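Read left to right, the sequence shown gives residues -19 to -1, 1 to 220 (mature numbering (1 follows the signal peptide of the UniProt record, and there is no 0)).
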Amino acid sequence: MLKKLYLLGLLLLPLVTLAQTTYITGNVFDNEQRGLALQDVAVRNITTKALVVTGKDGRFALAAKAGDLISFGLSGYQTDTVYLTNLFAKNIYLRSAVNTLNTVNITTAKISPFLDTKDPDAVAARQVDASKNRGGLRLGLGYGKWRRQQAKERELEEAADINEEISKNFNKQVIQKLVGYKEKDLEDYIGMYRPTPEQIKAETPFNYTYYIATTFNEWKKLPAESRKMPSLPKLKGNP
């Protein structure tokens, strides 16, 4: 009798294991032609490394659980990444990776100082030193300083553009929509994990969805006291 029960348990074990496995299902379509199902899309569970591809109808079923990060990739399309807050069936729409140039209306033109725009027929001029030393030529020593100033201005403009990009893609509204977390201490996470311009420049284009999902999970695993932003030191003279 015990032997029969043991054999029965062995037979039922795979069924029990299968029943415990959860899946995310859905379909993948072209974003422009929303009725066009996409076949052979690589659907990857970044968290568990599991991988499936979509069928002719664009359908997929992938072992996953809430909190996993799922990516959808197909040649000719931009890779999309989804953070699972639930296991409801999902329709995914991939955008074409073809870059198109918008029409630009030029209203003003600024000539680069680095272009050689000298008149070929112009007579060369020299700056003569007004000192008493005959034969001396005065050199334009301010050009190097001007170039350094221009480089500094370009550096500041680039930093401003990157910080604007970060604020647009890493803010309370975006994070709440992605991870479904609306507690007050979300501000601590934002302050602790805001990406730096150096991080953005090191990975182009920067995958904000992946960054938020991974760092948010990392932050949630920290002890409660470590998830808070450190207090600013009090200034002397303040109570």
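Cβ atoms here follow ideal geometry from the backbone N, Cα and C, with glycine treated the same way. If you're wondering where the values come from, they're calculated on a predicted model, not measured in any experiment.
Pull up the CB-CB distance for residue i and residue j, whole angstroms please, since I reckon it's below 8 angstroms.
{"i": "tyrosine 64", "j": "alanine 78", "result": "About 22 angstroms; that fails the 8 angstroms criterion."}
{"i": "glycine 54", "j": "phenylalanine 10", "result": "Contact doesn't hold; Cβ gap of about 15 angstroms is too wide."}
{"i": "isoleucine 27", "j": "isoleucine 51", "result": "7 angstroms"}
{"i": "alanine 44", "j": "leucine 68", "result": "Not quite, the Cβ-Cβ distance comes to about 11 angstroms (not below 8 angstroms), so this is no contact."}
{"i": "arginine 208", "j": "aspartate 166", "result": "6 angstroms"}
Tell me, which residues are paired with residue i by DSSP?
{"i": "leucine 43", "result": "Ile5"}
{"i": "leucine 25", "result": "Checking the sequence shown, residue 25 turns out to be arginine, not leucine. Answer is Leu32, Ser52, bridged to arginine 25."}
{"i": "valine 160", "result": "Bridge partners of valine 160: none, in fact."}
{"i": "glutamine 72", "result": "For the sequence presented, residue 72 should be read as asparagine rather than glutamine. Answer by DSSP bridge pairing, in chain order: Asn8."}
{"i": "valine 63", "result": "Ile51"}
{"i": "tyrosine 58", "result": "Ser77"}
{"i": "alanine 18", "result": "Phe10"}
For chain C, is any of its Cβ atoms less than 8 angstroms away from the one on residue i?
{"i": "tyrosine 192", "result": "Going by chain labels, chain C is absent from the structure shown, which holds only one protein chain."}
Identify the continuous alpha helix (DSSP H) that holds residue i and give its terminal residues.
{"i": "alanine 194", "result": "189 to 201"}
{"i": "leucine 167", "result": "167 to 174"}
{"i": "lysine 182", "result": "178 to 183"}
Take residue i and list the residues in its own chain whose beta-carbon comes closer than 6 angstroms to its own, dropping the five residues that flank it on each side.
{"i": "leucine 96", "result": "Interpretation of leucine 96 is limited by its pLDDT of 48, a score under 50 that renders its predicted location unreliable; the figure taken from the coordinates is listed afterwards. Once the five neighbours on either side are set aside, leucine 96 has no close Cβ partner at all."}
{"i": "lysine 71", "result": "Gly7"}
{"i": "tyrosine 191", "result": "Thr62"}
{"i": "phenylalanine 187", "result": "Ile181"}
{"i": "arginine 25", "result": "Leu32, Ser52"}
{"i": "valine 22", "result": "Val9, Thr35, Phe53, Leu55"}
{"i": "tyrosine 74", "result": "Phe10, Asn12"}
{"i": "proline 204", "result": "none"}
{"i": "threonine 29", "result": "none"}
Keeping to the same chain, check which residues put their C-beta closer than 8 angstroms to that of residue i; ignore five residues upstream and five downstream.
{"i": "alanine 194", "result": "Leu50, Thr62, Tyr64, Leu159, Val160"}
{"i": "lysine 37", "result": "Ala18, Gln20"}
{"i": "glycine 16", "result": "Phe10"}
{"i": "lysine 202", "result": "none"}
{"i": "threonine 3", "result": "Ala44, Ala45, Lys46, Leu68"}
{"i": "alanine 42", "result": "Tyr4, Ile5, Thr6, Val33"}
For residue i, which residues of its own chain have a beta-carbon under 7 angstroms away from its beta-carbon, when the five flanking residues on both sides are left out?
{"i": "arginine 175", "result": "Ile147, Phe151"}
{"i": "threonine 60", "result": "Ser52, Phe53, Gly54"}
{"i": "tyrosine 189", "result": "Asn150, Phe151"}
{"i": "methionine 210", "result": "Asp169, Gly172, Met173"}
{"i": "glutamate 206", "result": "none"}
Practice problem: Determine, using beta-carbon pairs with one atom in the stretch 158 to 174 and one in the stretch 191 to 199, whether at least three such pairs fall under 8 angstroms. | Solution: Under the three-pair Cβ rule at 8 angstroms, the stretch 158 to 174 counts as touching the stretch 191 to 199.
Quiz item: For the 8 angstroms Cβ check, are there 3 or more pairs between the stretch 169 to 176 and the stretch 146 to 157?
Solution: By the Cβ rule, the stretch 169 to 176 counts as touching the stretch 146 to 157, because three or more pairs are nearer than 8 angstroms.
Practice problem: May I ask you to verify whether the stretch 130 to 147 touches the stretch 176 to 191, counting CB pairs closer than 8 angstroms and requiring at least 3? | Solution: Touching, per the Cβ criterion.
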